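The numbering of the sequence shown is my numbering, which starts it at 49 and goes up by one.
C-beta atoms are modelled at their ideal positions from N, C-alpha and C, and glycine is treated no differently.
No experiment lies behind these values; they were computed from the predicted model shown.
Accompanying notes for the structure given below.
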Amino acid sequence: GSGGILARLADVLAATIIRSWVENGCGDATGWIAAVRSPDVGKVLAAIHLQPDRDWTVEVLARMMGASRSAFAQRFATVVGETPAKYVLSVRMHQARQWLARDGMRVSVAATRLGYDSEASFSRAFKRVMGVAPSHLRNTGDGDDSPVA
49 GSGGILARLA DVLAATIIRS WVENGCGDAT GWIAAVRSPD VGKVLAAIHL QPDRDWTVEV
109 LARMMGASRS AFAQRFATVV GETPAKYVLS VRMHQARQWL ARDGMRVSVA ATRLGYDSEA
169 SFSRAFKRVM GVAPSHLRNT GDGDDSPVA
């Protein structure tokens with residue numbers, strides 16, 4: 049109906065505005081906006097988002113970009129605005145938020161799936177990044193559907 053048409057029109061308008069902003073130099077943007085203008089880092093970001101539960105290391109990511117570890121880490125931090133490790137952690141915690149709040153996944157399952165040895169270490173990392181205990185999200189379903197990192 050008309051609601052679907054309006055939603056699609058809003059999507060197209062938003063995409064057009066973002067594309068124009070990026071093409072006309074969006075200032076000192078970092079994160080995914082900067083990655084749009086940096087295909088080498090963009091490829092790495094896409095891989096991280098497609099497989100947040102993979103054991104990403106600087107070595108693996110650098111190889112993907114075809115750079116040394118130090119050159120990769122420097123380039124990534126310059127473009128994205130944070131270290132590769134911090135970015136990967138953020139993506140993982142946002143993925144966990146979706147699993148817990150939207151899908152009702154148990155905290156222990158999310159922890160294991162993301163490679164944590166214990167639920168306690170996962171819970172500490174989650175609370176540090178998200179500002180709330182993972183059990184709170186699972187119990188209340190209080191996660192939003194905002195884009196990941």
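Contact under 8 Å by Cβ, L162 with D101: In the sequence shown, residue 162 corresponds to position 114, counting from 1. In the sequence shown, residue 101 corresponds to position 53, counting from 1. Against a cut-off of 8 Å, the Cβ pair of D101 and L162 comes out as a contact.
Does the region 155 to 175 come into contact with the region 128 to 147, if we say contact requires no fewer than three beta-carbon pairs (one atom in each stretch) closer than 8 Å? yes
Check each candidate in D88, D59, A94 and S183 and name the one with the smallest Cα separation from L148. As a first step, residue 148 must be located in the sequence shown, where it is residue number 100. Residue S183 is the option with its Cα nearest to L148.
Please give me, in chain order, every unbroken run of the alpha helix (DSSP H) with length at least 4 that falls completely inside the region 115 to 149. 117 to 128 and 132 to 149
Just to confirm the assignment, what range does the alpha helix (DSSP H) spanning A168 have? In the sequence shown, counting from the first residue as 1, residue 168 sits at position 120. Run containing A168: E167 to M178, per the alpha helix (DSSP H) assignment.
Closest residue to H97 among D151, T126 and L137 (Cα-Cα distance): Counted from its first residue, the sequence shown places residue 97 at position 49. Checked all of D151, T126 and L137; the closest Cα to H97 is L137.
Return the CA-CA distance between Y135 and I53, expressed in angstroms with no decimal places. Taking the sequence shown and counting its residues from 1, the one referred to as residue 135 is at position 87. Taking the sequence shown and counting its residues from 1, the one referred to as residue 53 is at position 5. In a straight line, the C-alpha of Y135 is about 35 Å away from that of I53.
Exposed or buried, what is A58 when buried is set at 16 or more other beta-carbons lying within 10 Å of its beta-carbon? As a first step, residue 58 must be located in the sequence shown, where it is residue number 10. Exposed: under 16 other Cβ atoms inside 10 Å.
Simplified DSSP state of G52, which is helix, strand or coil: Counting from one through the sequence shown, the residue named residue 52 turns up at place 4. Residue state, collapsed to three classes: helix.
CB-CB under 6 Å to M153, same chain, minus the five flanking residues each way: which ones, in chain order? As a position in the sequence shown, residue 153 is number 105, starting the count at 1. Same-chain partners within the cutoff: W147.
For S35, which three-state DSSP category applies? The question about residue 35 has no answer here: the residues shown for the chain are numbered 49 through 197.
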